[in-house]
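The listed protein sequences derive, respectively, from chains A and B. Residue 1 is where the first sequence starts when you use my numbering, and the numbers rise one by one after that. Residue 130 is where the second sequence starts when you use my numbering, and the numbers rise one by one after that. In what follows, a single structure is set out as structure tokens and then discussed.
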Amino acid sequence: MDVKEKLTVLVCDDSMLVRKKLRNQLLALAEMVILEAEDGATAVELYREHKPDLVFMDIVMPVKDGIVALEEIREIDPSARVVMASSVGTSQNLKRAIDAGAFDFVQKPSTDARIANIVRRILEEGDHA
Amino acid sequence: MLSRLLGEYLLEERLVTPEQFRRVLDRAASAKVKIGTLAINAGYMAAAQVEEVHELQKTRDLRFGDLAVEKGYLTDAQLQELLHTQSKEDLLLGQSLVEEGLFSWGRFEAILRDYREKNAIDEKQFEAIRRGDVEALVWILFRGRNVLKQQFFVKYISLFLRNVIRFLDAGASLVPETADTYGDFPHVTIQLFKGKVPFFSAVAAKEDVFLPLASRFAGEKMERFDAFAQASIAEFLNLVNGLFAVNCSHEGVEMDLLPPFTEQNVGFGGDLEIVRVPVGTNAGVFTLFVAPETPRSLLRKLEGGH
Numbered sequence: 001m002d003v004k005e006k007l008t009v010l011v012c013d014d015s016m017l018v019r020k021k022l023r024n025q026l027l028a029l030a031e032m033v034i035l036e037a038e039d040g041a042t043a044v045e046l047y048r049e050h051k052p053d054l055v056f057m058d059i060v061m062p063v064k065d066g067i068v069a070l071e072e073i074r075e076i077d078p079s080a081r082v083v084m085a086s087s088v089g090t091s092q093n094l095k096r097a098i099d100a101g102a103f104d105f106v107q108k109p110s111t112d113a114r115i116a117n118i119v120r121r122i123l124e125e126g127d128h129a
Numbered sequence: 130m131l132s133r134l135l136g137e138y139l140l141e142e143r144l145v146t147p148e149q150f151r152r153v154l155d156r157a158a159s160a161k162v163k164i165g166t167l168a169i170n171a172g173y174m175a176a177a178q179v180e181e182v183h184e185l186q187k188t189r190d191l192r193f194g195d196l197a198v199e200k201g202y203l204t205d206a207q208l209q210e211l212l213h214t215q216s217k218e219d220l221l222l223g224q225s226l227v228e229e230g231l232f233s234w235g236r237f238e239a240i241l242r243d244y245r246e247k248n249a250i251d252e253k254q255f256e257a258i259r260r261g262d263v264e265a266l267v268w269i270l271f272r273g274r275n276v277l278k279q280q281f282f283v284k285y286i287s288l289f290l291r292n293v294i295r296f297l298d299a300g301a302s303l304v305p306e307t308a309d310t311y312g313d314f315p316h317v318t319i320q321l322f323k324g325k326v327p328f329f330s331a332v333a334a335k336e337d338v339f340l341p342l343a344s345r346f347a348g349e350k351m352e353r354f355d356a357f358a359q360a361s362i363a364e365f366l367n368l369v370n371g372l373f374a375v376n377c378s379h380e381g382v383e384m385d386l387l388p389p390f391t392e393q394n395v396g397f398g399g400d401l402e403i404v405r406v407p408v409g410t411n412a413g414v415f416t417l418f419v420a421p422e423t424p425r426s427l428l429r430k431l432e433g434g435h
């Protein structure tokens with residue numbers, strides 16, 4: 001039986017607290033490679049270089065906000081799976097995120113169950129490699 | 130939640146000194162509400178009856194509730210109800226004032242009555258405050274003040290407090306302003322709203338107050354108020370502000386947030402536009418600042434320093 005490659009997940013948030021929490025939540029679910037970015041511009045560069053299976057993206061960030069970064073990542077890879085994880089789930093942001101092709105939206109603070117559910121969906125789709 | 134209202138009243142009327150009041154708040158922060166306090170609060174016992182039972186306790190080794198039932202001042206059902214609410218009630222201020230030797234229970238009862246009369250707080254409002262209805266309390270605090278967008282601020286401060294209680298300290302409450310509120314703070318975390326309703330928010334405190342709160346929010350012990358601890362305070366503010374933006378969005382008002390940032394040794398002096406909301410927690414007092422726009426004193430510092 002083929003051994004599946006580990007998931008690669010990019011976590012982008014300007015808060016080091018949120019990055020650490022999300023990293024811990026993810027590593028509690030499965031072994032995976034986690035990349036971190038603290039602004040949207042760095043996230044776009046990391047995406048281009050590593051093509052992660054999944055991205056968690058904050059919205060309110062310095063340098064480049066999360067929705068602009070989402071748009072740029074989807075230009076690089078139209079099948080990119082980017083989950084917006086933000087405390088600012090306003091209807092305006094939700095609409096912008098959906099229009100830009102977000103995979104899902106997580107209202108912060110994110111629960112373990114919510115993160116687990118998203119990772120499970122990715123694993124079930126099974127086309128990460 | 131009574132402590133902020135009554136505290137301001139006690140200080141304004143010079144019934145206590147700021148130093149005495151600080152000791153009372155310290156005591157209240159570590160105390161548990163006693164059954165006698167709750168019995169007066171619920172109207173089951175008069176102050177004189179409570180004092181009589183306290184006297185009896187000096188000679189008889191029985192708990193307050195048992196003695197009060199024996200004397201016929203409380204029924205078993207009332208005692209059970211009081212025991213049930215003991216951990217929730219917020220009347221530590223009165224208890225602490227009495228324990229500090231500043232007032233008798235009778236005097237405290239009279240002060241409470243005077244306070245309500247002078248401030249025209251009716252029974253319904255008073256009950257709402259006792260239940261911990263934050264919005265009712267904030268309305269009363271800002272009633273009559275010339276605060277722009279008053280309703281907006283009331284909603285914001287109420288939401289903020291509910292989340293302090295939810296994430297940082299279940300016993301947190303509003304406390305009176307002191308001179309400290311007008312000085313510089315070692316650490317100030319700021320976040321601005323932009324868009325149709327620009328709006329300034331900040332939380333400020335000394336390191337020894339923020340550190341335990343940062344630890345609680347992050348869910349891990351922190352030894353120093355370093356970048357990680359600062360990130361925890363910033364994320365708490367960001368979380369509350371995000372929720373506020375969502376609530377506004379549901380009401381058809383779209384607001385955007387800028388990323389939070391932290392400044393050292395910043396104060397807002399006597400800026401009249403700013404609403405100052407000191408919040409008492411078991412880690413100490415921190416202050417929430419809200420204003421319709423970024424205070425000029427801060428703008429000058431930001432322009433000069435960046």
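We treat Cβ as the ideally placed atom computed from N, Cα and C, and that holds for glycine. All of these numbers come straight from a predicted model, not from anything done at the bench.
What residues from chain B crowd round serine 86 of chain A, counting only those whose CB sits closer than 7 Å?
In chain order: Gly371.
Any chain A beta carbon closer than 8 Å to leucine 340 of chain B:
So no, leucine 340 of chain B is outside the interface.
Compare the C-alpha of glutamine 107 of chain A against each of B/Asn394, B/Asn367 and B/Pro389 and name the closest.
B/Asn367
7 Å Cβ cut-off: residues of chain A touching serine 361 of chain B
Leu17
Looking at the secondary structure, which residues open and close the alpha helix (DSSP H) in which serine 378 of chain B lies?
Membership of serine 378 of chain B in the alpha helix (DSSP H) is indicated by the continuous run 356–379.
Pull out every residue of the region 30–64 of chain A whose Cβ sits closer than 7 Å to any Cβ of chain B, in chain order.
Val60, Met61 and Pro62
Can you give me the start and stop residues for the beta strand (DSSP E) that valine 317 of chain B sits inside?
Unbroken beta strand (DSSP E) run through valine 317 of chain B: 313–324.
From phenylalanine 282 of chain B to serine 79 of chain A, what does the alpha carbon distance come to, in whole angstroms?
Rounded to whole angstroms, the gap between the alpha carbons of phenylalanine 282 of chain B and serine 79 of chain A is 43 Å.
Looking at the C-beta of lysine 108 of chain A, does it have a partner C-beta in chain B at a distance below 8 Å?
Interface annotation, lysine 108 of chain A: in contact with chain B, CB-CB separation under 8 Å.
What separation, rounded to the nearest whole angstrom, lies between the Cα atoms of alanine 479 of chain B and cysteine 12 of chain A?
No answer is possible for residue 479 of chain B: the residues shown for chain B start at 130 and end at 435.
Unbroken beta strand (DSSP E) run spanning serine 330 of chain B, endpoints:
Bounds of the beta strand (DSSP E) holding serine 330 of chain B are 328–334.
In three-state DSSP terms, what is phenylalanine 237 of chain B?
helix
Can you tell me which of the three DSSP states aspartate 190 of chain B falls into?
coil
Determine contact between the region 200–210 of chain B and the region 139–149 of chain B, defined as no fewer than three beta-carbon pairs at a distance below 8 Å.
no
So what does DSSP say about glycine 455 of chain B, is it helix, strand or coil?
Given a span of 130 to 435 for chain B in the structure shown, any question on residue 455 of chain B remains unanswerable.
Spatial neighbours of aspartate 298 of chain B within its chain, please: CB distance less than 8 Å, with the 5 preceding and 5 following residues excluded, ordered by chain position.
Leu342, Arg345, Thr410, Asn411 and Ala412
Contacting residues, own chain, Cβ-Cβ under 6 Å from arginine 114 of chain A (five flanking each side not counted)
Val106
Expressed to the nearest angstrom, what Euclidean distance is found between the alpha-carbon atoms of phenylalanine 314 of chain B and serine 361 of chain B?
18 Å
Secondary structure of alanine 97 of chain A, DSSP reduced to three states
helix
Close-in-space but distant-in-sequence residues of the same chain around valine 153 of chain A (CB under 8 Å, 5 per side omitted):
Coverage of chain A is limited to positions 1 through 129, which leaves residue 153 of chain A absent and any answer about it impossible.
Is the CB of threonine 111 of chain A under 8 Å away from at least one CB in chain B?
no
Would you kindly check if the distance between the Cβ of valine 18 of chain A and the Cβ of glutamate 228 of chain B is under 8 Å?
no
Given a threshold of 16 other Cβ atoms within 10 Å of its Cβ, counted over all protein chains shown, does proline 147 of chain B qualify as buried or as exposed?
Exposed, since its Cβ has fewer than 16 Cβ neighbours within 10 Å.
Verify the contact flag: glutamate 125 of chain A, CB atom, against every heavy atom of the ligand ADP, threshold strictly below 7 Å.
Looking for the ligand ADP in the displayed structure turns up nothing, as the structure carries no ligands at all.
Helix, strand or coil: which one does DSSP assign to methionine 57 of chain A?
strand
Leaving out five residues before and five after glycine 89 of chain A in sequence, what residues of the same chain have Cβ atoms less than 8 Å from its Cβ?
Apart from the 5 residues on each side of it in sequence, glycine 89 of chain A sits with its Cβ closer than 8 Å to the Cβ of Phe105 and Gln107 in its chain, given in chain order.
Can you pull the chain A residues whose beta carbon is under 8 Å from the beta carbon of asparagine 292 of chain B, in chain order?
Simply none; closest approach about 11 Å.
Contact list for the region 74–101 of chain A against chain B, Cβ threshold 7 Å:
Residues passing the 7 Å Cβ filter: Ser86, Ser87, Val88, Gly89, Thr90, Ser91 and Gln92.
Could you tell me the boundaries of the beta strand (DSSP E) in which asparagine 394 of chain B lies?
Residues 390–396.
Between leucine 46 of chain A and the rest of its own chain, which residues show a CB-CB distance below 6 Å, the 5 nearest in sequence each way excluded?
Leu10, Leu35 and Ala37
Could you tell me whether any Cβ in chain A is nearer than 8 Å to the Cβ of serine 378 of chain B?
yes
When DSSP labels each residue in this structure, what does phenylalanine 105 of chain A get in the three-state scheme?
strand
When you compare each of B/His379, B/Val317, B/Asn292 and B/Lys323 to alanine 358 of chain B by their alpha carbons, which one comes out closest?
B/Val317
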